[in-house]
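Residue numbers (this note's numbering), protein chains in the order written: chain A, 1 to 418; chain B, 419 to 507.
What follows is the structure, given as C-alpha cells:
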C-alpha cells in the first residue's frame with residue numbers, strides 16, 4: 001500500500017502532485033492471529049516488525065488503546081547508548097545500538113539517529129575509577145568508550161562549571177561517541193510503516209478489556225472491538241503493565257511511578273553531546289529545533305496522575321544550573337510526566353509468564369527507548385520460538401524467585417529508589 | 419501535594435520520604451517458605467486508585483505514618499501514625 005521512500009519517489013510526488021498514501025493501513029481486527037501484541041508503542045511495533053522480517057510471521061496484530069505514538073515512545077528524552085557494565089546488559093544494549101545504526105535503512109524511514117556522543121561525568125577520584133572500570137568493561141566487549149580527563153573535558157564541553165569552589169567538581173568523563181539521540185516519533189512511525197508493509201495489522205483505538213482462555217491457556221484478548229484470538233499473546237505496554245497483567249491473573253514486581261521531562265525555548269547550537277551529570281540523576285541534550293531537552297529522577301512515589309510534583313522540577317532545575325550555569329535564564333517551554341514501570345532491581349522483564357501462551361515485555365524503568373530495537377528483536381524471537389532469546393535470559397520474570405535480581409546500579413530492591 | 423502529619427499538621431510532601439505499600443502484611447517471623455517471602459518483598463498490587471502507604475516525616479517529627487492516597491488523582495485522605503497499629507482495618 002505504501003510505496004518505498006527514495007529520492008526518486010520524492011521527485012515523482014513533487015512533479016505529479018500525487019498525494020502520499022497513508023503511512024500504514026487503518027486495519028480492522030480479523031478473528032485469528034498467530035500473535036497479538038497488546039500495546040502499539042515502540043516496543044510492540046518493533047516486535048511486530050521483527051516477527052515479520054526475521055521470522056516470516058505476518059499473521060500478527062498490534063492493538064493500541066490510543067493512537068500510534070501517543071504513549072511513552074513520544075514522552076522520553078530520546079537518548080540511545082550502550083554504556084552498561086553488567087554482563088547481559090552490556091551485550092543486549094550494544095545489540096540495540098547496532099540495530100539503531102542500521103535502522104533508517106532497514107525501515108526505509110529516517111529515524112534521525114544522531115550519534116553525537118554521550119559523556120558521563122565524574123565528580124571525584126573514586127567516581128572517575130568507577131566510570132573508568134565501566135569503560136574498560138565496554139571496550140572488552142568491543143564497545144567504544146574513551147576516558148576524558150578534566151583538561152580534555154574543558155576543551156570539549158567548555159560551558160560546564162569548572163570553577164574551583166564548585167560543589168561538584170568535574171574530574172573527568174566517559175565518552176561513548178556512538179551514543180546519541182533519535183527522533184522518537186519517527187521510530188514509532190517507521191516501525192509501524194515497515195511492519196504494515198510486511199502484512200502486520202496495526203489496530204488503533206482498540207482497548208483490551210480482558211483475556212480469553214481455554215483450559216488454563218491464554219487464547220487471545222477481549223477488546224472494545226470484539227474478541228481477537230491468537231496462538232500467542234504478548235503484553236508490551238508501559239505504565240499500566242500491572243493493570244493489563246492483572247486481567248490475566250498475574251501480580252508483577254512492578255510499581256508505576258512518574259518521570260518528568262523538560263524542554264526549554266530554542267537556542268542556537270550549544271550542547272553538542274548528550275551529557276549525564278554524575279552527582280545526581282540528570283541528563284541533557286539539545287534537540288534539532290534548538291530546545292534543551294533534560295530530565296532527572298522519578299518523583300519517588302507510585303502514581304498514575306501524569307502530573308509531576310514541583311519539588312522535582314526544582315531539583316532538576318538545580319542540577320541543570322549546577323552543571324551549566326549559563327542556562328539559568330532559559331525559559332522552560334514544555335514539561336510533562338510519563339508513567340514509568342519501576343521494578344525492584346531497575347531491570348525489565350522480557351519473556352514467558354506463568355500463564356501458558358502469554359508473554360510479557362515490561363518494567364523498563366528509565367531504559368525503554370534505547371532498548372526499542374533489541375527488545376523487538378529478542379521479544380520477536382521469544383514469541384516465534386516459545387523460548388527466550390539468549391540476550392534476554394537475565395531479564396526473566398521469575399528471577400527474584402531464583403535469587404537472580406539484576407541490579408545494574410546496585411541500589412537494592414526498592415522500586416522508588418531505582 | 420500536602421500531607422497531613424498527625425503531629426505537625428499539613429506539610430508539603432517533599433518533607434516526607436515514601437516508604438511503600440502499607441497494605442502488605444509481613445509474613446510471620448520464622449516463616450520458611452521462600453515463595454511467601456518473595457511475594458511479600460517483590461510483588462506489588464500497584465493499584466490505580468486507593469492506596470495505603472507509609473511515609474516518614476523526615477524533615478519534621480521523623481515519625482512514620484500511614485497515608486491514604488488515590489494514585490490516579492493524588493487526592494490525599496486520612497493519615498495516622500504507623501505506631502498506632504496495623505496498616506488496614
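Glycine included, each C-beta is placed from N, C-alpha and C at the ideal position.
Of all residues in the region 455-473 of chain B, only 456, 457, 459, 460, 461, 462, 463, 464, 465, 466, 467, 469, 471, 473 place a beta-carbon less than 9 Å from a beta-carbon of chain A.
Within chain A, the C-beta atoms nearer than 8 Å to that of residue 489 (chain B) come from 256, 302, 303, 304, 305, in chain order. With distances taken between CA atoms, residue 408 (chain A) lies nearest to A:344 out of A:344, A:372, A:357. The region 174-181 of chain A and the region 24-43 of chain A do not touch, with fewer than 3 CB-CB distances between them shorter than 8 Å. Sorting A:146, A:6, A:47 by C-alpha distance to the C-alpha of residue 375 (chain A) places A:47 at the top. Residues of chain B with a Cβ closer than 8 Å to the Cβ of residue 416 (chain A) are, in chain order, 436, 438. With contacts defined by Cβ atoms closer than 8 Å, residue 431 (chain B) and residue 243 (chain A) do not form a contacting pair. Taking 8 Å as the cut-off, the beta carbon of residue 223 (chain A) is found closer than this to the beta carbon of residue 207 (chain A).
Contacts between residue 492 (chain B) and chain A, judged by CB atoms closer than 8 Å, involve 303, 305, 307 in chain order.
Contact of residue 369 (chain A) with chain B is not assigned, every C-beta pair being separated by 8 Å or more. Taking a contact as a CB-CB distance under 8 Å, the pair residue 384 (chain A) and residue 57 (chain A) counts as one, their CB atoms being some 6 Å apart. For residue 358 (chain A), the enclosing beta strand (DSSP E) covers residues 358-362. Contact check for residue 43 (chain A) and residue 415 (chain A): beta-carbon distance about 20 Å, past the 8 Å limit, so the pair fails to qualify.
Looking at the backbone, the Cα of residue 6 (chain A) and that of residue 411 (chain A) are separated by about 48 Å. Distance from the Cα of residue 146 (chain A) is smallest, within the candidate group A:126, A:172, A:127, A:339, for A:172. Residue range 420-423 is occupied by the beta strand (DSSP E) that includes residue 423 (chain B), with no alpha helix (DSSP H) assigned at that position. Listed along the chain, the chain A residues whose CB falls inside 9 Å of the CB of residue 501 (chain B) amount to none; the nearest CB is some 21 Å away. Between the alpha carbons of residue 495 (chain B) and residue 303 (chain A) lies a distance of about 15 Å. At least one CB of chain A lies nearer than 8 Å to the CB of residue 432 (chain B). Classified as exposed, residue 493 (chain B) has fewer than 16 neighbouring CB atoms from the shown chains inside 10 Å of its CB.
Within its own chain, the residues whose Cβ lies closer than 8 Å to the Cβ of residue 3 (chain A), once the five positions on either side in sequence are excluded, are 9, 21, listed in chain order. Taking 8 Å as the cut-off, the Cβ atoms of residue 249 (chain A) and residue 266 (chain A) do not count as close.
Residue 342 (chain A): not part of any alpha helix (DSSP H); member of the beta strand (DSSP E) spanning 332-342, first to last residue. Burial state of residue 151 (chain A) is exposed, judged by a 10 Å Cβ sphere holding fewer than 16 other Cβ atoms.
Beta-bridge partners of residue 294 (chain A) (DSSP): A:262, A:284. The C-beta distance from residue 217 (chain A) to residue 357 (chain A) rounds to 5 Å, short enough to meet the 8 Å contact threshold. The continuous alpha helix (DSSP H) containing residue 373 (chain A) extends over residues 372-385. Here residue 161 (chain A) has 170, 322, 323, 324, 325 as same chain residues with Cβ atoms under 8 Å from its own Cβ, once five neighbours each way along the sequence are excluded. Residue burial annotation: residue 158 (chain A) is exposed, with fewer than 16 other C-beta atoms found within 10 angstroms of its C-beta. Here the alpha carbons of residue 330 (chain A) and residue 292 (chain A) stand approximately 9 Å from one another.
In the DSSP annotation of this structure, the continuous segment of the alpha helix (DSSP H) that includes residue 456 (chain B) starts and ends at 452-460. Contact between the region 121-141 of chain A and the region 84-96 of chain A is present: three or more C-beta pairs spanning the two stretches fall below 8 Å.
With 16 or more other CB atoms across the displayed protein chains lying within 10 angstroms of its CB, residue 94 (chain A) is buried.
For residue 79 (chain A) and residue 294 (chain A), the gap between their C-alpha atoms comes out near 10 Å. As summarised for the region 58-109 of chain A, the continuous beta strand (DSSP E) elements at least 3 residues long and confined to that stretch are 60-63, given in chain order. In summary, residue 214 (chain A) is exposed, with fewer than 16 beta-carbon neighbours lying within 10 Å of its beta-carbon over all protein chains present.
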